[in-house]
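S.K.: In terms of my numbering, the sequence shown has 67 at position 46, counting the first letter as 1, and numbering is strictly consecutive.
Beta carbons are placed, not taken as given, at the ideal position from N, Cα and C, and that holds for glycine.
Here the structure is a predicted model, which is why all the values come from computation and not from measurement.
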Amino acid sequence: MPAPSEPRAEFRTTRWSLVERVRSTDPAASRAALEELFRAYWPALYAFARRLGEAPESAADLVQGYATELLERADLAALERDGGRLRAWLKTGLRHHRSHVRERAAAHKRGGAWLAIDLAAAEAELGARADADSDPERAFDRAFGEALLARAFARLAEEHADGPRRALLAFLTAAPDDDQRTELERASGMSAGALRVALHRLRRRYAELVRDEVADGCANPAAVQSELLELRLSFDAAAAISAQPAFPPERV
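#1: Let's test the definition: count the other Cβ atoms within 10 Å of the Cβ of A128 and tell me whether it reaches 16, buried, or not, exposed.
#2: Hey, quick one: how far does the alpha helix (DSSP H) through A195 stretch, first residue to last?
#3: Would a C-beta distance cut-off of 9 Å place N241 and R106 closer than the cut-off?
#4: On the three-state DSSP scale, how would you describe R44?
#5: If you compare alpha carbons, which of A137, E229 and A160 is closest to F59?
#6: By Cβ distance below 8 Å, which residues in the same chain neighbour A54 in space, the five residues on each side in sequence not counted?
#7: Do H181 and L223 count as a contact pair if the criterion is CB distance below 9 Å?
#8: State the Cα-Cα distance for the pair S255 and F161, rounded to the nearest angstrom.
#9: Taking the alpha-carbon positions, what's the D183 to R94 distance?
#10: What are the start and end residues of the alpha helix (DSSP H) that includes V231?
#11: If you draw a straight line from the alpha carbon of R108 to that of R159, how long is it in whole angstroms?
#12: For R106, which of helix, strand or coil comes out of DSSP?
#13: Expressed to the nearest angstrom, what Euclidean distance is found between the alpha-carbon atoms of Y62 and A164?
#14: With a Cβ-Cβ cutoff of 9 Å, do A173 and R187 count as a contact?
#15: Here's the rule I'm using: 16 or more other beta-carbon atoms within 10 Å means buried, otherwise exposed. How should A191 be labelled?
#16: Give the secondary structure of D200 by DSSP, where H, G and I count as helix, E and B as strand, and everything else as coil.
#17: Which residue wins for smallest C-alpha separation from R226, given the options L189, P157 and D139?
#18: Name the residue from D198, L169, A243 and L91 whose alpha carbon lies nearest to the alpha carbon of W110.
#19: Using the Cα positions of A168 and V245, report the straight-line distance between them to the nearest angstrom.
#20: With burial defined as no fewer than 16 other Cβ atoms inside 10 Å of the residue's Cβ, what is the status of A248: buried or exposed?
Quick look at the structure:
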């Protein structure tokens with residue numbers, strides 16, 4: 022599996038969870054958290070809308086409208102009803118918004134399309150996993166998980182922005198072959214044993230960051246384990262259908 026893309030991400034030494042920031046009583050802080058949330062997870066909402074039967078342009082308008090509506094009037098009571106889990110809240114909210122939308126251009130009429138949606142890239146992703154993700158719920162969960170993994174990978178890459186271990190990031194989810202391993206040993210100056218240990222530690226740290234990102238979207242710490250399990254199951258189902266890569270293990 023190729024390494025996930027490396028989106029720009031802020032690395033916080035003191036880390037407030039995303040759900041805590043969305044629920045902030047400070048309107049500016051809450052809005053900033055919502056903007057971060059939508060920029061990270063709009064592909065999941067778009068995939069959900071498309072699998073519900075929306076055409077590409079209509080799905081994009083639906084996501085824009087939902088995002089704009091939440092920025093203007095955040096329904097945080099619904100977040101509490103969904104147990105403080107951002108994934109469930111977003112999915113429920115988009116369904117509700119869709120049922121009340123009468124014109125698909127509503128997003129543009131409410132102040133313009135502020136959220137950058139790359140239709141071509143989103144459609145390419147949907148096409149690549151059409152067989153695995155034909156169900157709307159599964160399509161959303163998998164796209165949400167992929168965005169979450171990208172956020173975790175960005176943090177890991179930032180931790181290793183300098184130094185010999187950065188080259189190991191390309192082998193985070195797939196072991197290097199013999200030639201690649203020899204080249205890594207030569208370039209890093211590590212022995213074969215040291216390289217194995219470094220790869221193990223890197224994967225363990227990645228699993229920690231994935232769990233951290235899951236916790237970021239859960240108001241209740243007790244929900245983190247079940248959220249991890251649900252996301253892992255969505256990846257396992259896709260892998261069984263179309264050999265899609267699996268969600269990383271919690272412990273390496």
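M.R.: For this structure:
#1: Your numbering for residue 128 matches position 107 in the sequence shown. Caution applies to A128, whose pLDDT of 45 falls short of 50 and renders its modelled position unreliable; the model cannot decide the point.
#2: For this step, residue 195 is matched to residue 174 along the sequence shown. For A195, there is no enclosing alpha helix (DSSP H), as DSSP marks it with neither H nor E.
#3: Working through the sequence shown from its first residue, we reach residue 241 at position 220. Working through the sequence shown from its first residue, we reach residue 106 at position 85. It is a contact, given that the beta carbons lie within the stated cut-off.
#4: In the sequence shown, counting from the first residue as 1, residue 44 sits at position 23. Under the three-state reduction of DSSP output, R44 falls in the coil class, being neither helix nor strand.
#5: Here residue 59 refers to the residue found at position 38 of the sequence shown. When C-alpha distances from F59 are compared across A137, E229 and A160, the shortest belongs to A137.
#6: Here residue 54 corresponds to residue number 33 of the sequence shown, with the count starting at 1. L39, R42, V43 and S45.
#7: On the sequence shown, residue 223 is found 202 positions in, with the first residue counted as 1. On the sequence shown, residue 181 is found 160 positions in, with the first residue counted as 1. The answer is yes: Cβ separation under 9 Å.
#8: Stepping through the sequence shown from its first residue, residue 255 is reached at position 234. Stepping through the sequence shown from its first residue, residue 161 is reached at position 140. It is roughly 9 Å from the alpha-carbon of S255 to the alpha-carbon of F161.
#9: Start at 1 with the first residue of the sequence shown, and residue 183 comes out as number 162. Start at 1 with the first residue of the sequence shown, and residue 94 comes out as number 73. Whole-angstrom Cα-Cα distance: 42 Å.
#10: Counting from one through the sequence shown, the residue named residue 231 turns up at place 210. Taken as a continuous stretch (DSSP letters only), the alpha helix (DSSP H) holding V231 covers A213 to D237.
#11: In the sequence shown, residue 108 corresponds to position 87, counting from 1. In the sequence shown, residue 159 corresponds to position 138, counting from 1. Pairing R108 with R159, the inter-Cα distance amounts to about 12 Å.
#12: Start at 1 with the first residue of the sequence shown, and residue 106 comes out as number 85. Strand, per DSSP.
#13: Here residue 62 refers to the residue found at position 41 when the sequence shown is read from its first residue. Here residue 164 refers to the residue found at position 143 when the sequence shown is read from its first residue. Their backbone Cα atoms lie some 8 Å apart in a straight line.
#14: Residue 173 sits at position 152 when you count from the first residue of the sequence shown. Residue 187 sits at position 166 when you count from the first residue of the sequence shown. Annotated as distal: A173 and R187, with beta-carbon spacing of 9 Å or more.
#15: The residue given as residue 191 occupies position 170 in the sequence shown. Flag for A191 reads exposed.
#16: Taking the sequence shown and counting its residues from 1, the one referred to as residue 200 is at position 179. Helix.
#17: Position 205 of the sequence shown, counting from 1, holds the residue named residue 226. Checked all of L189, P157 and D139; the closest Cα to R226 is L189.
#18: Stepping through the sequence shown from its first residue, residue 110 is reached at position 89. Among D198, L169, A243 and L91, the Cα nearest to that of W110 is on L91.
#19: For the purposes of this step, residue 168 is taken as residue 147 along the sequence shown, with counting starting at 1. For the purposes of this step, residue 245 is taken as residue 224 along the sequence shown, with counting starting at 1. When rounded, the distance between both Cα atoms is 17 Å.
#20: On the sequence shown, position 227 is the one that residue 248 refers to. What sits at residue 248 in the sequence shown is Glu, not Ala. It is buried - the Cβ of E248 has at least 16 other Cβ atoms within 10 Å.
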